[in-house]
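Q: Read in order, the letters of the sequence shown correspond to residues 28 to 578 in the numbering used here.
Using N, Cα and C, we set each Cβ at its ideal position, and we do this for glycine too.
This structure is a prediction, so every number in the text was calculated from the model and none was measured.
Below is one structure. I have some questions about it.
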Amino acid sequence: MIKKRVLTILLTISIAVPVFAATPVEKVSSADESSQFNSISLARGYKNLSDTNPCITQKFSADPCAMEYNGRVYVYSTNDGEASSWVGQNNDYGKITQLNCMSSSDMVNWTDHGTINAAGRYGAAKWAGNSWAPTACHKKINGKEKFFLYFANSSNGIGVLTSDSPTGPWIDPIGRPLISRSTPNCDSRSVEWLFDPAVLVDSDGTGYLYFGGGVPRGQDANPRTARVIKLGNDMTSIVGVPTTLNVPYLFEDSGINKVGNTYYYSYCNSWSKGAKIAYMTSNSPMGPFAYKGTCLDNPGVFFGTTGNNHHSIVSLKGRSYIVYHSEWLNKQMYGSQKGYRTTNINEISIGNGYISNVRGNLTGVSQVENVNPYLLNQAESIAWQGGIKVTGQGDTKVEMNRGDWIGVSNVDFGTGASSISMRAASVNGGVIKVCTDSPSGTAIGYVRVPRTGSNNNFTNVTANISNVYGTKKLFFVSSADVVIDSWQFFKNGSNADPNPTPEPNPQPQPQPTTSVSDGWYYIKNVNAQKYLQVSGNVGKAVQNVEKRCII
Numbered sequence: 028m029i030k031k032r033v034l035t036i037l038l039t040i041s042i043a044v045p046v047f048a049a050t051p052v053e054k055v056s057s058a059d060e061s062s063q064f065n066s067i068s069l070a071r072g073y074k075n076l077s078d079t080n081p082c083i084t085q086k087f088s089a090d091p092c093a094m095e096y097n098g099r100v101y102v103y104s105t106n107d108g109e110a111s112s113w114v115g116q117n118n119d120y121g122k123i124t125q126l127n128c129m130s131s132s133d134m135v136n137w138t139d140h141g142t143i144n145a146a147g148r149y150g151a152a153k154w155a156g157n158s159w160a161p162t163a164c165h166k167k168i169n170g171k172e173k174f175f176l177y178f179a180n181s182s183n184g185i186g187v188l189t190s191d192s193p194t195g196p197w198i199d200p201i202g203r204p205l206i207s208r209s210t211p212n213c214d215s216r217s218v219e220w221l222f223d224p225a226v227l228v229d230s231d232g233t234g235y236l237y238f239g240g241g242v243p244r245g246q247d248a249n250p251r252t253a254r255v256i257k258l259g260n261d262m263t264s265i266v267g268v269p270t271t272l273n274v275p276y277l278f279e280d281s282g283i284n285k286v287g288n289t290y291y292y293s294y295c296n297s298w299s300k301g302a303k304i305a306y307m308t309s310n311s312p313m314g315p316f317a318y319k320g321t322c323l324d325n326p327g328v329f330f331g332t333t334g335n336n337h338h339s340i341v342s343l344k345g346r347s348y349i350v351y352h353s354e355w356l357n358k359q360m361y362g363s364q365k366g367y368r369t370t371n372i373n374e375i376s377i378g379n380g381y382i383s384n385v386r387g388n389l390t391g392v393s394q395v396e397n398v399n400p401y402l403l404n405q406a407e408s409i410a411w412q413g414g415i416k417v418t419g420q421g422d423t424k425v426e427m428n429r430g431d432w433i434g435v436s437n438v439d440f441g442t443g444a445s446s447i448s449m450r451a452a453s454v455n456g457g458v459i460k461v462c463t464d465s466p467s468g469t470a471i472g473y474v475r476v477p478r479t480g481s482n483n484n485f486t487n488v489t490a491n492i493s494n495v496y497g498t499k500k501l502f503f504v505s506s507a508d509v510v511i512d513s514w515q516f517f518k519n520g521s522n523a524d525p526n527p528t529p530e531p532n533p534q535p536q537p538q539p540t541t542s543v544s545d546g547w548y549y550i551k552n553v554n555a556q557k558y559l560q561v562s563g564n565v566g567k568a569v570q571n572v573e574k575r576c577i578i
């Protein structure tokens, strides 16, 4: 018998907190800083400051699904590409291998968590050629919350990824399709399009997966191409044979919700019916479902951009929302529709066996809570932007060039702020103009970012702020190439020094050792509520971890 030796592990954790280690900046006058913005041309924002749709405009995000978790709505979508990188061609859906993720606690300011490499050579599921139309859920398994992301491999199968966090990193737990053409009742003669999954975790913890689509010749009224299958307790296996759902005029796009004891199955109906979102109800997750009506017209009705219709319904803080896409931004940017879609959200009512019929619009939804500027805020959490690019996955950063800007909705300064701290990087240095009301508004302060030699070498910088109180729209405008990670204000009357003398780097202190049993252990940043992510022995998300093993 081989006896295991218990390792005593010493963990020394250094969590970078931007507001307590500010780097002093060159003493310059506000006139010197403001001169950096002379004759500056602001990047076009496309989205009016009175509108909240589309949710984000820095990238195209199609086929959205929404999941509520811990007071936030997470939206996962097909990555139709960066809005700034279009080179003239139509969208080639056959090349899409990434998914997008964004989240919000107020439904107006959206945190862009970046793209997920889901399929293809660099994806988690290398067996898959594409990743389309995701759906997501979470479930506690063996006492631990797990997250599941299902996606379509073109129109020929459904894959599943798992994570310990709603923002990843994601892995393929089974190394093959969860649903394929070899799955009973799923061959090409039975289901034309084996795609567009929707998932439900019922109140008893049982998971159900819905999928399918397509209209066989002569079967427009009753295509019989929708399916539902019970999932195993692990959410990565199936139980039994997929059941056929009789869905009238089904075209694509399954959706599923449970309100009270009623199950609502929603879908996009056929073009003969206008490609609208229709819905049915049942007292069982496996059906049969009874047709009730429609709840959202085709986006062409609202935005003049007729195209495929895809949706999801989610509830947050007592309100319900329908999440869908359109080609409005595509048309604004390129003059005509090229197949690039972006996510919109409007409020909807669901309950008592019915879903209200909602009209899509650019106005969008009301903000359900204000932003607290005195907490650490991620730069990628925005309502409006012009010209920026968000990089990374999970913990992301905002890249800005001269004239680029970001805007945050309803920031509550209360009785006023006296200073701001930002975590930023810049190869050659630059200045961030801080203003309210609009990106061309009067400055309330300037933050000078020193040369850091690299866009990955972040430093903490501070500046005085004046004349800001109450609830405002907040904007950051860049004078040069700068990358921003986070920002935080200090209240009037606080003892925060806008240009403090940096303290010497603290020396590691001896830590008590403890014996641990064999198994997996997770290190979590309690402020960011994110787990340490390590790839290639390099710590991410600004956590540095040292491990010393004593045998």
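Taking the C-alpha atoms as reference points, what is the distance between Asp439 and Pro400?
A: 7 Å
Q: Could you give the distance in angstroms between the alpha-carbon of Gly202 and the alpha-carbon of Val187?
A: Distance from the CA of Gly202 to the CA of Val187, rounded to the nearest whole angstrom, comes to 9 Å.
Q: For Pro91, name the three-state secondary structure that DSSP assigns.
A: strand
Q: Of all the beta strand (DSSP E) runs that stay within the bounds of the stretch 406-449, which reach a length of 3 or more residues?
A: 411-413, 416-418, 424-427 and 432-439
Q: Buried or exposed: where does Val242 fall if 16 or more other Cβ atoms within 10 Å of its Cβ makes it buried?
A: buried
Q: Considering only residues of the stretch 344-383, which uninterrupted alpha helix (DSSP H) runs meet the minimum length of 4 residues and lie entirely inside it, listed in chain order?
A: 355-361
Q: Can you tell me where the beta strand (DSSP E) with Val255 in it begins and where it stops?
A: Ala253 to Leu258
Q: For Gly385, does the three-state DSSP call read helix, strand or coil?
A: Reading the sequence as shown, one finds Val at residue 385 and not Gly. In the structure shown, Val385 sits in a strand (DSSP, three-state: E or B).
Q: Among the residues of its own chain, which have a CB less than 6 Å from the CB of Lys499, if the five just before and after it don't count?
A: Val438 and Thr463
Q: Helix, strand or coil: how does DSSP classify Val495 here?
A: Val495: coil per DSSP, three-state reduction.
Q: Decide if Asp431 is buried, meaning its Cβ has at least 16 other Cβ atoms within 10 Å, or exposed.
A: buried
Q: Closest to Gly334 by C-alpha separation, out of Tyr348, Tyr318, Trp355 and Gly314, would be which residue?
A: Trp355
Q: Taking only the alpha-carbon atoms, compute the straight-line gap between Phe5 and Asn127 and give it to the nearest angstrom.
A: For the chain, the structure presents residues 28 to 578; residue 5 sits outside this window and is missing.
Q: Within its chain, find whatever has a CB closer than 7 Å to the CB of Thr138; leave out the 5 residues flanking it on each side and keep chain order.
A: In chain order, Met129, Ser130, Ser131, Gln405, Glu407 and Ser408 place their CB closer than 7 Å to the CB of Thr138, counting only its own chain and leaving out the 5 sequence neighbours on each side.
Q: Could you check whether the stretch 496-513 touches the stretch 441-459, counting it as contact only if at least three pairs of C-beta atoms, one from each stretch, sit closer than 8 Å?
A: yes
Q: Closest by CA to Ser88, which one among Asn371, Ile168, Lys166 and Asp199?
A: Asn371
Q: Report yes or no: do the stretch 276-290 and the stretch 226-242 share at least 3 C-beta pairs separated by less than 8 Å?
A: Contact between the stretch 276-290 and the stretch 226-242 is present, with at least three C-beta pairs closer than 8 Å.
Q: Compute the distance between the beta-carbons of Arg346 and Val266, then report whether it is under 8 Å.
A: No, Cβ-Cβ distance for Arg346 and Val266 is not below 8 Å.
Q: Specify, as a first and last residue, the run of the alpha helix (DSSP H) that Phe174 falls within.
A: Per DSSP, Phe174 belongs to no alpha helix (DSSP H); it is in the beta strand (DSSP E), Lys171 to Ala179.
Q: Thinking just about the alpha-carbon of each residue, which of Val476, Val228 and Asn296 is nearest to the one in Phe175?
A: Val228
Q: List the DSSP bridge partners of Thr233.
A: Note: Thr233 sits in no beta bridge, so no partner.
Q: How would you label Lys167, buried or exposed, when you count the other beta carbons within 10 angstroms and need 16 or more for buried?
A: By the 10 Å Cβ count, Lys167 comes out exposed.
Q: Take Tyr149 as the anchor and find which of Asp422, Ser104, Trp197 and Asn118 has the nearest alpha-carbon.
A: The alpha carbon of Tyr149 has as its nearest neighbour, out of Asp422, Ser104, Trp197 and Asn118, the alpha carbon of Trp197.
Q: May I ask you to report which of helix, strand or coil DSSP gives Trp159?
A: Strand, per DSSP.
Q: In this structure, does DSSP put Gly184 in helix, strand or coil?
A: If DSSP states are grouped into helix, strand and coil, Gly184 belongs with coil.
Q: Would a C-beta distance cut-off of 8 Å place Pro275 and Asn249 closer than the cut-off?
A: yes
Q: Since I believe Gly419 is in contact with Thr194 (beta carbons under 8 Å), could you give me their beta-carbon distance rounded to a whole number of angstroms?
A: With 8 Å as the limit, Thr194 and Gly419 do not qualify as a contact, their Cβ atoms being about 10 Å apart.
Q: Which two residues bound the contiguous alpha helix (DSSP H) that contains Pro326?
A: Pro326 to Phe330
Q: State the Cα-Cα distance for the pair Cys322 and Lys171, rounded to the nearest angstrom.
A: 36 Å
Q: Within the same chain, show all residues whose beta-carbon is closer than 7 Å to that of Val495, passing over the 5 residues directly before and after it, in chain order.
A: Phe440, Gly443, Ala444, Thr463 and Ile471
Q: By the three-class DSSP mapping on this structure, what secondary structure does Trp154 have?
A: For Trp154, the secondary structure class from DSSP, reduced to helix, strand or coil, is coil.
Q: Do Val226 and Tyr177 have their C-beta atoms closer together than 8 Å?
A: yes
Q: Taking C-alpha atoms, which residue in Lys424, Ile340, Ser353 and Glu95 lies nearest to Ser383?
A: Ile340
Q: Going straight from the alpha carbon of Tyr381 to that of Ile304, what length do you get?
A: 13 Å
Q: By a C-beta neighbour count over all protein chains shown, 10 Å radius and 16 as the cutoff for buried, is Gly287 buried or exposed?
A: exposed
Q: Would you identify the three-state DSSP class for Ser465, choosing helix, strand or coil?
A: coil
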